[in-house]
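Colleague: At position 50 of the sequence shown (counting the first as 1) the number is 50 in the working numbering, and the numbers step up by one without a gap.
For each residue, glycine too, the CB sits at the ideal point set by N, CA and C.
Note that this is a predicted model, so its numbers are computed, not measured.
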Amino acid sequence: MRRSAFLTCLSAATLAAVLAGAGPASAINTYHAQPAPERTEVGAMLALWDRDGDGVSETIDWYCSGTMVDRNTFLTAAHCTTDWSPGVRFYVSLAQDVQGALDAAKAEGLTPAQTAAKVGVEGTEHTSPGYPGNSADAHDIAVIEFPDGQAAELAERWPFTPATLPAAGQLDALGSRALDAATWVVAGYGTEEAARGPGGQTHPGGGVRNKAEVGFNALNKTWVRLAMNESRDYGGACYGDSGGPNFVTIGGQRVLAATTITGDGPCYATNVAYRLDAPTARDFLDDFVDLP
Numbered sequence: 001m002r003r004s005a006f007l008t009c010l011s012a013a014t015l016a017a018v019l020a021g022a023g024p025a026s027a028i029n030t031y032h033a034q035p036a037p038e039r040t041e042v043g044a045m046l047a048l049w050d051r052d053g054d055g056v057s058e059t060i061d062w063y064c065s066g067t068m069v070d071r072n073t074f075l076t077a078a079h080c081t082t083d084w085s086p087g088v089r090f091y092v093s094l095a096q097d098v099q100g101a102l103d104a105a106k107a108e109g110l111t112p113a114q115t116a117a118k119v120g121v122e123g124t125e126h127t128s129p130g131y132p133g134n135s136a137d138a139h140d141i142a143v144i145e146f147p148d149g150q151a152a153e154l155a156e157r158w159p160f161t162p163a164t165l166p167a168a169g170q171l172d173a174l175g176s177r178a179l180d181a182a183t184w185v186v187a188g189y190g191t192e193e194a195a196r197g198p199g200g201q202t203h204p205g206g207g208v209r210n211k212a213e214v215g216f217n218a219l220n221k222t223w224v225r226l227a228m229n230e231s232r233d234y235g236g237a238c239y240g241d242s243g244g245p246n247f248v249t250i251g252g253q254r255v256l257a258a259t260t261i262t263g264d265g266p267c268y269a270t271n272v273a274y275r276l277d278a279p280t281a282r283d284f285l286d287d288f289v290d291l292p
C-alpha cells in the first residue's frame, strides 16, 4: 500500500500531473497492503480548480488523504491546501473507492461542479499560518471545516466515528522502546510505489482507501519516522497519501499519532509524519477541535 506521501517539495500542480498519469484505481502499493473499508473516518480530499488559468474551474480530482477528527473537521496537510489557482474549492469523500466514484460521475456527463457535489461534500480550508516553516517544524497541517448542514450530509452519506487524537506529549511519554513495540498502521488513497519502465519511474493506481503496517524508526520534536521496507514485512505511504493518518495502538486504543507528509521519492523506505501530540500541531488544532 505504498501510501501517497506526496512529497512536500511537490506543488499541487506537479502532483496533479503525477496523478493525471496514474492508471485505474487499484491497491495503494503492491506489497503488504489491504483495503480498509472499516476505516470510515479516513477520507480523500478533492479539489475543483482552474487548471488552465482561464477563470473557469474545469478540473475535479482527488489529491490527498485525511481523517475526520470530530463531526465537522477533516485533518490533512498544509501542502495539500496551498498553491492552488484562485477560486479553488475543496471537497471530502469518505468513500472506499473515490476514483471509481469520479469515473462513474464523469461517465454520466456531469459538469465538474456536478461531479464534485456528487462525489464529495464541500468544506472550507484552514491552513496553518506558520506553513511552510522549516525542516525542524514545517507547520504542515490544515483542516477542512464543514458547517452544520454539510457536516450532517457527510455523516449521512458515510457514517463514521472520528479518530482519537493523542494527548500532549503522549509519544514522548511512551518513549522509543514502547513505540517500537507498538503496532503502527498508515492509511490513505495514494498511489503504488515506483514502477520502473522504459520511460522511467511511474506511480500507478490510487484513489482507493488502503492500509498497511509500518514500523517505528525515530522520534524527534515534530516528526515521527516510520519504516516501509518490504523486506521487513511492512507497507507504506506514497503519492496522494499526504495528510492521511498514521495510527498507533497504545494500550488497546487506536490513536491518530501523526499525518503523512513526505518520504523517499520512489516510496520504498521511509514515511515521515507530522506529530499531532507536539505543541505546534496542538496549538493549531485547538481552534477547531476539543483536544485530549
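1. Can you tell me the Cβ-Cβ gap for Thr-161 and Glu-38, rounded? I've got them flagged as a contact below 8 Å.
2. Taking Pro-292 and Ala-105 to be in contact with their CB atoms under 8 Å, please state how far apart those CB atoms are, rounded to whole angstroms.
3. Skipping 5 residues on each side, what residues in its chain have a beta carbon closer than 8 Å to that of Thr-222?
4. Buried or exposed for Thr-249, going by 16 or more other Cβ atoms inside 10 Å?
5. Given a threshold of 16 other Cβ atoms within 10 Å of its Cβ, counted over all protein chains shown, does Gly-55 qualify as buried or as exposed?
6. Run the CB neighbour count on Arg-177, radius 10 Å, all protein chains shown included, and call it buried at 16 or more, exposed below.
7. Which partner residues does Trp-62 have in the DSSP bridge list?
8. Following the continuous beta strand (DSSP E) through Pro-245, name the residue where it begins and the one where it ends.
9. Out of Thr-124, Asp-70, Phe-247 and Ile-141, which one is the CA nearest neighbour of Gly-130?
10. I'd like the list of long-range same chain contacts for Val-255, defined as Cβ closer than 6 Å, with 5 residues on each side in sequence excluded.
11. Quick check on DSSP: helix, strand or coil for Phe-216?
12. Quick one: Cα of Gly-240 to Cα of Trp-184, how far?
13. Figure out for me which residue from Gly-188, Ala-218 and Gly-251 has the closest Cα to the Cα of Gly-243.
14. Can you say whether Gly-43 is buried or exposed, counting buried as having 16 or more other CB atoms within 10 angstroms of its CB?
15. CA-CA distance, Gly-190 and Gln-96?
16. What is the DSSP secondary structure of His-32, reduced to helix, strand or coil?
17. Comparing alpha-carbon positions, which option in Gly-149, Ala-182, Val-69 and Gly-251 lies nearest Leu-285?
18. By the three-class DSSP mapping on this structure, what secondary structure does Thr-259 have?
19. I need the straight-line Cα distance from Leu-46 to Gly-251, nearest angstrom please.
20. Short check: CB of Ile-144 to CB of Phe-90, under 8 Å?
21. Hey, could you find the ends of the alpha helix (DSSP H) Ser-176 is sitting in?
22. Let me know the secondary structure DSSP gives Lys-221 once reduced to three states.
23. By the three-class DSSP mapping on this structure, what secondary structure does Ser-231 have?
24. Which runs of the alpha helix (DSSP H) at least 4 residues long sit entirely within the segment 76-106? Give them in chain order.
25. With a threshold of 7 Å on Cβ separation, who are the neighbours of Gln-150 within its own chain once the five nearest residues in sequence on each side are excluded?
26. Is it buried or exposed for Thr-259, if we count other Cβ within 10 angstroms and need 16 for buried?
27. Please classify Ser-128 as buried or exposed, where buried requires at least 16 other C-beta atoms within 10 Å of its C-beta.
Modeller: Looking at the atomic coordinates:
1. Not really, about 10 Å apart at Cβ, beyond 8 Å.
2. Not confirmed; about 38 Å, so no contact.
3. Ala-136, Asp-137, Ala-138, Tyr-274, Arg-275, Ala-278, Thr-280 and Ala-281
4. exposed
5. exposed
6. exposed
7. Leu-46
8. 245-250
9. Ile-141
10. Thr-164, Pro-166 and Val-248
11. strand
12. 19 Å
13. Gly-188
14. buried
15. 12 Å
16. coil
17. Val-69
18. strand
19. 34 Å
20. yes
21. 170-181
22. coil
23. helix
24. 78-81
25. Val-121, Glu-122 and Gly-123
26. buried
27. buried
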